[in-house]
Amino acid sequence: MNDQGAYKPFTYYQLMETSLRELLVEKGILSDEQVNAEVAAMRARQPERGARVVARAWTEAAYKKRLLANATAACEELGLEIPGLHLVAVENTPQVHNAIVCTLCSCYPRVLLGIPPDWYKSRNYRSRMVREPRAVLAEFGLRIPDGTQIRVHDSTADMRYLVLPMRPKGTEDWDEARLAGIVTRDAMIGVAVPTVTGG
Amino acid sequence: MPKLAEPPAVAAKFKAGDRVRVRKTAPLGHIRTPFYIRGHAGEIERLCGAFPNPEELAQMRSGLPAQPLYRVRFRQKEVWPDYRGPDSDVVEIEIFQHWLEKA
Amino acid sequence: MIERGHHDMGGQPAGKVERTEHDYPEWERRVDAMVQLLRTRRKITVDELRKNIEALPPEAYDRLSYYEKWISSLTQTLIQRGVITSDELGRKMEQVEQRAKAG
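Protein chains in written order, with my numbering: chain E, 27 to 225; chain F, 19 to 121; chain X, 202 to 304.
Listed below in structure tokens is the structure:
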């Protein structure tokens, strides 16, 4: 923004945020404590949550079945709060690779993965992911063989999607916590796959 | 939290496996049916449930009765004639019933 | 273009995906928090917010950052709902700015 000397101005939008918040507090609609608590709650929503769900599904077949049947209930089973949200877990297999996009805005499984990364909300990702997913995935360093079907999920309405990646070979004797450590956010969006090195 | 009463909902007309076509129209307002899929035919993957109509919610109305919402699966090659990738690739989109007709 | 909204970009030509990320500053996190709190208190719906983001001029839609769009849309929605008035907002903005200048 413009440099106006010692006075460091708010941007117009920061000014709007402060002003709106103060008005809502004055009117008794929100309190600063509630806003701060909500900020803290959102900070606590990190991809580690989703990774726990994936690792459990990798180690317990019955849980995986429940996750694929009703992801909201399966997450709640692990003590994760899924307020008023319909989660759908989509499973990667040697035959099918799933990837998530929201072409209309930025729908994302925030309760499991946190606030979406900038690129997920970018024009380039939103425009191209539905039309040339293989090219976009290649830009992420992920090459999907032609024998594997790509299912792109455009989250347009009330469902939120979580990709259940394939468990990598070489992890057969790993415990759940160690497995969770290699499940990245990008793997749960479907633009990466977990590797034994966690890269 | 007490369980809320189910809101009134429109009856579901389609079931998994049905062939449907997305209506090809471009009204004004807040529309959750992506432009690129209008006019294309696909297959119902599942009924997701019934949800208040977002076109109405956006205008501060109730959106009731709730509209059935489906996940519809489309073959990429049918959506994009120049699609580069195998015939098996698909895109799945959530679409409300009032945007769908029997194909 | 009205027929296809500027936000409705699935399948449109676009460039390479730049894998950008940034750590969200506090004011952006507070915008996020206000949206979530007002939604769960049923003061607004997400579709009203989306409608007001989609109503931004294309130039602004592309130029504004994510949370700049959200705060604009949230504020617009609360004016439309009658929760706040434009006059209240304008006066509060003057006051906050004066306070900041006074340090």
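Glycine included, C-beta positions come from ideal geometry on N, C-alpha and C.
Asked                                                                                                                                                                        : Found
Using a Cβ-Cβ cut-off of less than 9 Å, give me the residues of the stretch 37-62 of chain E that come near chain X, in sequence order.                                      : T37, Y38, Y39, Q40, L41, M42, E43, T44, S45, L46, R47, E48, L49, L50, E52, K53, I55, L56, Q60, V61 and N62
So what does DSSP say about M42/E, is it helix, strand or coil?                                                                                                              : helix
Relative to chain X, which residues along the stretch 57-90 of chain F have a C-beta separation below 7 Å, given in chain order?                                             : P72, L75, A76 and M78
Since L65/F sits in a beta bridge, which residues does DSSP pair it with?                                                                                                    : Y88/F
Which word fits Q121/E, buried or exposed, when buried means at least 16 other C-beta atoms lie within 10 angstroms of its C-beta?                                           : exposed
Out of curiosity, what's the CA-to-CA distance linking L275/X and P52/F?                                                                                                     : 23 Å
List, in order along the chain, the chain F residues whose C-beta lies closer than 9 Å to that of R230/X?                                                                    : Simply none; closest approach about 25 Å.
Does the stretch 174-182 of chain E come close enough to the stretch 224-235 of chain X to have 3 or more Cβ pairs within less than 8 Å?                                     : no
Given this structure, state the Cα-to-Cα distance separating A76/F from F69/F, to the nearest angstrom.                                                                      : 13 Å
Alpha carbon to alpha carbon, what distance is there between V162/E and R154/E?                                                                                              : 7 Å
Answer yes or no: does any C-beta atom of chain F fall closer than 9 Å to that of P159/E?                                                                                    : yes
Under 9 Å between beta-carbons, which chain X residues line up against L130/E? List them in chain order, please.                                                             : G206, H208, D209, M210, G211, R251 and E255
Assuming contact is defined by CB atoms lying nearer than 9 Å, are M214/E and P135/E in contact in what I supplied?                                                          : yes
Just to confirm my understanding: we take E15/F, look at its own chain, exclude 5 residues before and 5 after, and list those with CB closer than 7 Å. What are they?        : The requested residue 15/F is not part of the displayed model; chain F covers only 19 to 121.
So, does the CB of S226/E fall closer than 9 Å to a CB anywhere in chain F?                                                                                                  : With chain E represented from 27 up to 225, any question about residue 226/E goes unanswered, as that position is not in the structure.
By Cβ distance below 8 Å, which residues in the same chain neighbour T286/X in space, the five residues on each side in sequence not counted?                                : I280
Tell me which same chain residues have a C-beta within less than 6 Å of the C-beta of E249/X, skipping the five on either side of it?                                        : T278
Do you know whose CA, among V40/F, H48/F, P45/F and R50/F, lies nearest G57/F's CA?                                                                                          : V40/F
Is there at least one Cβ from chain B nearer than 9 Å to P143/E's Cβ?                                                                                                        : In the structure shown, chain B does not exist; the protein chains are E, F and X.
First and last residue of the beta strand (DSSP E) that includes V127/E?                                                                                                     : V122 to V127
By the criterion of Cβ-Cβ separation under 9 Å, what are the contact partners of Y134/E in chain X?                                                                          : Simply none; closest approach about 12 Å.
Would you kindly report the start and end of the unbroken beta strand (DSSP E) that includes L20/E?                                                                          : The requested residue 20/E does not occur in the structure, where chain E is confined to residues 27 to 225.
In terms of residues, what are the limits of the alpha helix (DSSP H) holding Q60/E?                                                                                         : D58 to A70
Do we get a CB-CB distance below 9 Å when we pair P52/F with the residues of chain X?                                                                                        : yes
Using three-state DSSP, classify M210/X as helix, strand or coil.                                                                                                            : coil
Distance check for G167/E and R152/E, CA to CA, integer angstroms please.                                                                                                    : 18 Å
Measuring alpha carbon to alpha carbon, tell me which of A125/E, L104/E and I108/E ends up nearest V116/E.                                                                   : A125/E
Output needed for V219/E: all residues of its chain with C-beta closer than 8 Å, excluding positions within five of it in sequence on either side, in chain order.           : N118, L168, P191, M192, P194 and A213
From this set, I176/E, N96/E and Q175/E, which residue's C-alpha is nearest R186/E's C-alpha?                                                                                : N96/E
Based on the DSSP output, what are the partners of H116/F in its beta bridges?                                                                                               : Beta-bridge pairing links H116/F to no other residue.
From the DSSP secondary-structure annotation, give me the bridge partner or partners of A115/E.                                                                              : L188/E
Please confirm whether Q94/F has its beta-carbon closer than 9 Å to some beta-carbon of chain E.                                                                             : yes
How is G76/E classed by DSSP in three states: helix, strand or coil?                                                                                                         : helix
Should H223/X be labelled buried (16 or more other beta-carbon atoms within 10 Å of its own) or exposed?                                                                     : exposed
Could you name the residues of the stretch 268-293 of chain X whose beta carbon sits closer than 8 Å to any beta carbon of chain E, in the order they occur along the chain? : Y268, E269, I272, S273, L275, T276, L279, V284, I285, E289, L290 and K293
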